[in-house]
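In UniProt numbering, the protein residues as written are 1 to 137.
Dropping the structure here:
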């Protein structure tokens, strides 16, 4: 199964179902949808995340985890934000305070699931394969 690395606090919000659109500046060159993905939290945090986002994430133990798989989601759509209006309408789903820019893609996720115990794993850029199966759901 594939995984995606997301920095904290965003990874925590994804696995708890509070953030349902992840933003990326790349598009996959092949059809990957729909598919289940592990959520991996990177070893570094997003220091630019708004204070309110950190406060929301810090109510969950997973916000302290780094460099591990912490959950799973179903990736159901990947789309290009082609205008600022649509991007702004989705703020409650991607939760960022970013300004709209061209070539920004949304990865729509659903069915977020937290695993019982984080599994240490080295992340990679983009989508990456996870060796073996994480069975702690």
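Think of the CB as a built atom: it goes at the ideal place given N, C-alpha and C, for glycine as much as any other residue. Remember, it's a predicted structure, so these values are computed and weren't measured experimentally.
Our two residues, residue 106 and residue 78, have alpha carbons roughly 6 Å apart in a direct line. The three-state secondary structure of residue 88, taken from DSSP, is helix. For residue 97, the CB contacts under 7 Å within the same chain, skipping 5 residues up- and downstream, are 50 in chain order. Between residue 67 and residue 113, the CB-CB gap reaches or exceeds 7 Å. Residue state for residue 130 is assigned as coil, using DSSP reduced to three classes.
Residue 109 and residue 22 have their C-alpha atoms spaced approximately 8 Å apart. Here DSSP, grouped into helix, strand and coil, assigns residue 16 to coil.
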